[in-house]
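Colleague: Starting off with a structure, shown below.
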Amino acid sequence: GAAAAPALSVEGLSRHFGSLKAVEDVTFEVRAGTRHALIGPNGAGKSTLFALIAGALPATAGTVRLHGDDVTALPEHARAHRGLVRTFQHSSLFLSATARENVLMAVQRRHGVQARPWGAVTRRRGLLEEADEILRQFHLLDRASAGAGALSHGERRQLEVAVALATSPSVLLLDEPAAGMSPADTQAFQEVVLALPREVTVLLVEHDLDLVFGVAERVSVLHLGEHLITGDPAEVRASEAVQRAYLGA
Ligand code: ADP
Ligand code: MG
Numbered sequence: 034g035a036a037a038a039p040a041l042s043v044e045g046l047s048r049h050f051g052s053l054k055a056v057e058d059v060t061f062e063v064r065a066g067t068r069h070a071l072i073g074p075n076g077a078g079k080s081t082l083f084a085l086i087a088g089a090l091p092a093t094a095g096t097v098r099l100h101g102d103d104v105t106a107l108p109e110h111a112r113a114h115r116g117l118v119r120t121f122q123h124s125s126l127f128l129s130a131t132a133r134e135n136v137l138m139a140v141q142r143r144h145g146v147q148a149r150p151w152g153a154v155t156r157r158r159g160l161l162e163e164a165d166e167i168l169r170q171f172h173l174l175d176r177a178s179a180g181a182g183a184l185s186h187g188e189r190r191q192l193e194v195a196v197a198l199a200t201s202p203s204v205l206l207l208d209e210p211a212a213g214m215s216p217a218d219t220q221a222f223q224e225v226v227l228a229l230p231r232e233v234t235v236l237l238v239e240h241d242l243d244l245v246f247g248v249a250e251r252v253s254v255l256h257l258g259e260h261l262i263t264g265d266p267a268e269v270r271a272s273e274a275v276q277r278a279y280l281g282a
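Residue numbers for the sequence shown follow the working numbering, so the first one is 34 and each next one is one higher.
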């Protein structure tokens, strides 16, 4: 039944730029409730595939499914409305508002739209308490009254994910979350991802392989636009094809 459907699946997904096959016939699944990473050397097609999944870029061919439903024809905002939400590498925060106000706006937006299972639990509580709970989860409660623009780089990245989570996504897409983070911030971020509720499936694209292998239960590898392997971290590390791709051989 529907419960068995993967949270996300791509089937034969391609994106060509002229004669360049940036993403070529990629097929893999992201199981519901897992933390799944997408990796690959520079130019592998990660950002392009991510944009195809989010709906920011139309596919040349293939299908994207969310919980079994074909969403290939839907634009990004319609996919977001269905629970497929991404954070942006470039901040989408309101920098003049406080950290709390940023999260609260997302919580309010959610209560104005459709309900999700995770939302149903918090529905009976006040919205402010809900926002503060999310801030606490991200270790930002003591920074609640600070302007988002006054936060450190690492705190801001955490707040971006907190805001995305406040919309109660079923699938959270994280685009290079550790980019520009200090090792301490990356470590804190890793703990936050590990503490996310299982109702949220996470797909992250990340260069920092320590973070990838610190959080991911499943890993998909792209190389020159093609899907090499999807497996658990041990399988992926042991793959000769993956080792060759990373050595540039
Ligand atoms: P990654 O994120 O893994 O480094 P990208 O998805 O950014 O890889 O790029 C994959 C390939 O597609 C690269 O060769 C890149 O130059 C090319 N590419 C990406 N976006 C465009 C575009 N808008 N126009 C033309 N080529 C592109
Ligand atoms: Mg990229």
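Each residue gets a CB set at the ideal place from its N, CA and C atoms; glycine is no exception. The model shown is predicted, which means the values in this text are computed figures rather than measured ones.
Identify whether H260 lies in helix, strand or coil by the three-state DSSP scheme.
Modeller: Residue mapping note: residue 260 aligns to position 227 of the sequence shown, counting from 1. Correct three-state label for H260: strand.
Colleague: Can you tell me whether T200 is helix, strand or coil according to DSSP?
Modeller: In the sequence shown, residue 200 corresponds to position 167, counting from 1. DSSP places T200 in coil when its eight states are reduced to three.
Colleague: Would you list the residues sitting across from I72 in a DSSP beta bridge?
Modeller: As a working note, residue 72 is residue 39 in the sequence shown. In DSSP, I72 forms a bridge with V254.
Colleague: Within its chain, find whatever has a CB closer than 6 Å to the CB of A199; leave out the 5 residues flanking it on each side and keep chain order.
Modeller: Here residue 199 refers to the residue found at position 166 of the sequence shown. Only V136, A139, V140, I167 meet the Cβ criterion.
Colleague: Considering only C-alpha positions, which residue in the set V63, A249, L192, G264 is nearest to H100?
Modeller: Taking the sequence shown and counting its residues from 1, the one referred to as residue 100 is at position 67. Nearest of V63, A249, L192, G264 to H100, Cα basis: V63.
Colleague: Hey, D58 and G76: beta-carbon distance below 8 Å or not?
Modeller: Start at 1 with the first residue of the sequence shown, and residue 58 comes out as number 25. Start at 1 with the first residue of the sequence shown, and residue 76 comes out as number 43. No. Outside cutoff.
Colleague: Confirm, please, whether the CB-CB distance from R48 to T93 is below 8 Å.
Modeller: Position 60 of the sequence shown, counted from the first residue, corresponds to residue 93. Position 15 of the sequence shown, counted from the first residue, corresponds to residue 48. In contact: T93 and R48 (Cβ atoms closer than 8 Å).
Colleague: Return the Cβ separation of E239 and A70 in integer angstroms, given the expectation that the two are a contact with Cβ distance under 8 Å.
Modeller: As a working note, residue 239 is residue 206 in the sequence shown. As a working note, residue 70 is residue 37 in the sequence shown. Rounded, the Cβ-Cβ distance is 6 Å, consistent with contact.
Colleague: Going by the beta-carbon positions, is the gap between V225 and V235 smaller than 8 Å?
Modeller: Within the sequence shown, the letter at position 192 stands for residue 225. Within the sequence shown, the letter at position 202 stands for residue 235. Contact flag unset, no.
Colleague: Could you check what DSSP says for F61 in three-state terms: helix, strand or coil?
Modeller: Counting from 1 along the sequence shown, the entry for residue 61 is found at position 28. Strand.
Colleague: Going by C-alpha to C-alpha distance, which of A217, P202, T96, D102 sits closest to R142?
Modeller: Mapped onto the sequence shown, residue 142 falls at position 109. The shortest C-alpha separation from R142 is found at P202.
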